[in-house]
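Throughout, this note's numbering is defined as the position within the sequence shown, counted from one, plus 45.
Positions of the beta carbon are idealized from the N, C-alpha and C atoms, including for glycine.
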Amino acid sequence: MTSRSPLAALVALPIVLAAVGCTDTAQPAKSIGVPGSMQRPIYYGSLDTNSAHNAVVYIEMSGLGACTGTLITNNIVLTAGHCVSDEEGNFISSPSRYTVYFDTNTNGDPDTLRSVTEVHRHPQYDPDWGSGAPLNDIAVLKISSKPSSITPIPFLPSSLASGLTQGTSVEFVGYGVTEDGSSGVKLHVSDTLGGVCNSSSGCGGGIYAPWTIYYDQRPGGPCSGDSGGPAFYRTGGKEYVAGVTSYGDRTCAQFGCSAKVDHYESFIGQYAGTLKALGATCAAGAECASTLCADGVCCDGACAGVCHACALAHGASSNGHCTVLNATPCTDNNPCTVDDTCQSGACHGVNKDCGSTSGCTTGGTCNLTSGACEGGGARPNGSDCDDGNACTQGDKCQSGVCQPGTAANLCPAPSTCQLDSTCNPSTGQCAPFPPKVEGTECDDADPCTQGDACRNGACLASTRVSCPAPDACHVAGQCDSATGRCPTQFANVAEGTGCDDRNPCTANDACRAGVCVGTPSQSSCPEDACHAAGTCNVATGLCSGENKPDGTECDDGNAATSPDLCSQGVCRGIPSGSCEGRAEGAPCNDGNATTVNDHCTSGVCLGTPAGTGCGGQPDGTECNDNDPCTRIDFCVGGACTGSNLKPCHPVDQCHKEGTCDWQTGECVFPVQPNGSDCDPDEPGYVDGKCANGKCVGTPAGVTPPVVDGGCGCAATGAPAASAFWALGAMALLRRRRRWTLAG
46 MTSRSPLAAL VALPIVLAAV GCTDTAQPAK SIGVPGSMQR PIYYGSLDTN SAHNAVVYIE
106 MSGLGACTGT LITNNIVLTA GHCVSDEEGN FISSPSRYTV YFDTNTNGDP DTLRSVTEVH
166 RHPQYDPDWG SGAPLNDIAV LKISSKPSSI TPIPFLPSSL ASGLTQGTSV EFVGYGVTED
226 GSSGVKLHVS DTLGGVCNSS SGCGGGIYAP WTIYYDQRPG GPCSGDSGGP AFYRTGGKEY
286 VAGVTSYGDR TCAQFGCSAK VDHYESFIGQ YAGTLKALGA TCAAGAECAS TLCADGVCCD
346 GACAGVCHAC ALAHGASSNG HCTVLNATPC TDNNPCTVDD TCQSGACHGV NKDCGSTSGC
406 TTGGTCNLTS GACEGGGARP NGSDCDDGNA CTQGDKCQSG VCQPGTAANL CPAPSTCQLD
466 STCNPSTGQC APFPPKVEGT ECDDADPCTQ GDACRNGACL ASTRVSCPAP DACHVAGQCD
526 SATGRCPTQF ANVAEGTGCD DRNPCTANDA CRAGVCVGTP SQSSCPEDAC HAAGTCNVAT
586 GLCSGENKPD GTECDDGNAA TSPDLCSQGV CRGIPSGSCE GRAEGAPCND GNATTVNDHC
646 TSGVCLGTPA GTGCGGQPDG TECNDNDPCT RIDFCVGGAC TGSNLKPCHP VDQCHKEGTC
706 DWQTGECVFP VQPNGSDCDP DEPGYVDGKC ANGKCVGTPA GVTPPVVDGG CGCAATGAPA
766 ASAFWALGAM ALLRRRRRWT LAG
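Shown next, in the form of structure tokens:
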């Protein structure tokens, strides 16, 4: 018995199936794509020896027949939907029914056989669309692996499909029936598109199904067995699968239709992955729809060499479009050329002149290994020359060798948030200045900003000095851009601006000359914790409500006192404990009714003698509460009560907001942390830092003094407080009816 290879045996089935419908009077062919006649198919094609087309595969379907497909990724084969369906259009989903072969014919190496692990048909596949043609005729097979020598051919993404129009040249490849009735050999033929159907209702009076490309099959085209095969389209120097052979006329001689692949990008992408568009960031060509990655972006061409660019940052016209560079400095790797530049995409240099004043020898030749001029005489020492480095100047000859002169461009950083750069020896220009580390402390030269830090190479402030209004009758101030200080006096709000003088017996409170003043009200006064309801005294603006009995429970709003009881109309709290653990100056109650303003002093609750002038005096009578920190005192319930506390605004940049000392009436101002930025008042001094409440500056041009950082350490011009702000700034991705399936 004569033996034959397994592939030779497999091809017998599709040939028989093709013979089933070999006359014009035959019944509609099965859904594997058997034509109604074998008079032509690929007809009038030639053997495809293009190694790139090794990705076109032969698909054998047990019990059904054969189709063609294309490997579009390392394990995904693209084919037609009717290639995975039976005669009635039922989906044959069992992977074991399919075998894929990689070879130019079906008698090839058995090692190119691959099993199928998954089968997926388009979910909206319709074997009998309105005119009997299949709709959404597309499917994918997942194979176990690919031969190592095979390179996939990507499917055409929608981003590259705009050029697919009437007249576009395409190339068909398949293993189907030929004009002499043979099959199983990979053939190819080129044709131009008759049109593109993007209509959901079809085109050509229903001849062409929606989302297809169609052609006239002259001089040749796909036929039975070619179903699922590719229509290749080239753009940007790359080949893509733009169509999948679907159906045509019975004779394979008048027209054919292929599913338009880019329309099914979403379906294919579920299994092949979504490839990136031109210009998208990439690390390898496999990520890109174009299969090419250059200069870190998906590129439309190979774009190889130093004189081609595909990214804007490298000189391309736009990201993703390979651009030929001209006049751009380059290196041709020839030591005997100088001034190398790109010319029409190639790097060319000017031959080094070994006999001119630019060199240090006369009549010599250039050594192609070292680039040195040899064989000539040396020019006198000290002669001007050019060492080929545009970053040096004053180059001089020394013993026949051109020695570099001084640096022409040191490339110092142009700002405090950039680092020094380096000079490009080809151009003499500075390379881009790199930014300093994010959060590095800097000075934006605006004394009214705080927390200045480097961000993306620029010095930016985190906050501005605010100057809030001291009360409702003054407007907020503005930081002085010259001194960085808030104003000592704040402008009054408009006369009559509403405010609250905190007196329940006045109405229509309004600002008058910067003071909140209310007018006496005759309205009733509501009951409060220590007063009965009453009316307002027109003369004094005070409530006439009688005091509640002494001892009535109330709430003085101080959580540190308990119980709180009314006493002569005033809610007074009894400290819930001693002064132990309380801050110096914290309110307390010494239990002495003849003292007021009781405060913790050295752990003991002490009060001052009650103010005078209220004995028998009506509420509202002026008095003195003996507290130098209150500025307006009135008799209330027989006791002298003070209000309108003395303000203590910062005296300078190196002090904080102060508090009034109730014992002396003087403001006490805490100092700012040592090392805080300030602005020296003394002319000619800069880089001020607070030190023990004083602003210490450094004479312009002199190294800053060592300033105590406030932590037992010292830093020259870099105090601990500044370091703190820097750290803060740092904290702050088939055929039926009259049609025949090509398969």
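Coarse secondary structure for residue i, derived from DSSP in three states
i    : result
N548 : coil
C128 : helix
K231 : coil
Q315 : helix
C756 : With a pLDDT of only 35 at C756, under the threshold of 50, the placement of this residue in the model should not be trusted; the figure read from the coordinates follows. In the structure shown, C756 sits in coil (DSSP, three-state: anything other than H, G, I, E or B).
A354 : strand
V446 : strand
L874 : No answer is possible for residue 874: the residues shown for the chain start at 46 and end at 788.
P692 : coil
E711 : coil
D93  : coil
P197 : coil
R142 : helix
L464 : coil
E667 : strand
T157 : helix
D440 : coil
H167 : coil
Y220 : coil
C-beta atoms of residue i and residue j nearer than 8 Å
i    : j    : result
S335 : G288 : no
P532 : P692 : no
D497 : A506 : yes
A184 : R166 : yes
Y285 : T113 : no
C399 : C387 : no
Environment of residue i [buried if 16+ CB atoms lie within 10 Å]
i    : result
P172 : buried
V752 : Bear in mind that the predicted position of V752 carries a pLDDT of just 38, short of 50, making it unreliable; the figure below should be weighed with that in mind. Buried.
S511 : exposed
G427 : exposed
T675 : buried
V615 : buried
L17  : Beyond the ends of the chain as shown, which are 46 and 788, falls residue 17; an answer cannot be given.
R500 : buried
L455 : exposed
T196 : exposed
S767 : Confidence in S767 is poor, its pLDDT being 35 and thus under 50, which makes the residue's placement unreliable; the coordinate value appears in the next sentence. Buried, since its Cβ has 16 or more Cβ neighbours within 10 Å.
Q717 : buried
T290 : buried
N671 : buried
N119 : exposed
A774 : At A774 the pLDDT is 31, less than 50, meaning the model places this residue with poor confidence; the figure from the coordinates comes in the next sentence. Buried, by the Cβ-count rule.
L92  : exposed
E216 : buried
T709 : exposed
S76  : With a pLDDT of only 30 at S76, under 50, the local geometry of the prediction cannot be trusted, and the value read off the model is given with reservation. S76 comes out buried.
Within-8 Å CB hit, residue i to chain C
i    : result
A458 : Of the protein chains in this structure there is only one, and it is not chain C.
Continuous beta strand (DSSP E) stretch holding residue i: start and end
i    : result
P744 : K739 to P744
Y259 : T257 to Y260
V562 : V560 to P565
S189 : Here S189 belongs to no beta strand (DSSP E), and DSSP marks it neither H nor E.
H393 : A391 to N396
Y285 : K283 to G293
V681 : T675 to V681
I104 : V101 to M106
L116 : G110 to L116
Q388 : T382 to Q388
G324 : First-last for G324: undefined, no H or E at that position.
Integer-rounded CB distance, given that residue j should sit under 8 Å from residue i
i    : j    : result
E163 : K191 : So it is not a contact: roughly 15 Å between Cβ atoms.
G301 : T124 : Contact flag wrong, Cβ pair sits at about 16 Å.
G409 : G421 : 3 Å
K714 : K701 : Inspection of the sequence shows that residue 714 is occupied by Phe rather than by Lys. At roughly 7 Å, the Cβ-Cβ gap stays under 8 Å, so F714 and K701 are in contact.
G365 : L323 : 3 Å
T485 : C462 : 7 Å
A372 : Y292 : Not really, about 54 Å apart at Cβ, beyond 8 Å.
A435 : S471 : 6 Å
I258 : K321 : I258 to K321, Cβ: 24 Å. No contact.
R796 : D601 : Given a span of 46 to 788 for the chain in the structure shown, any question on residue 796 remains unanswerable.
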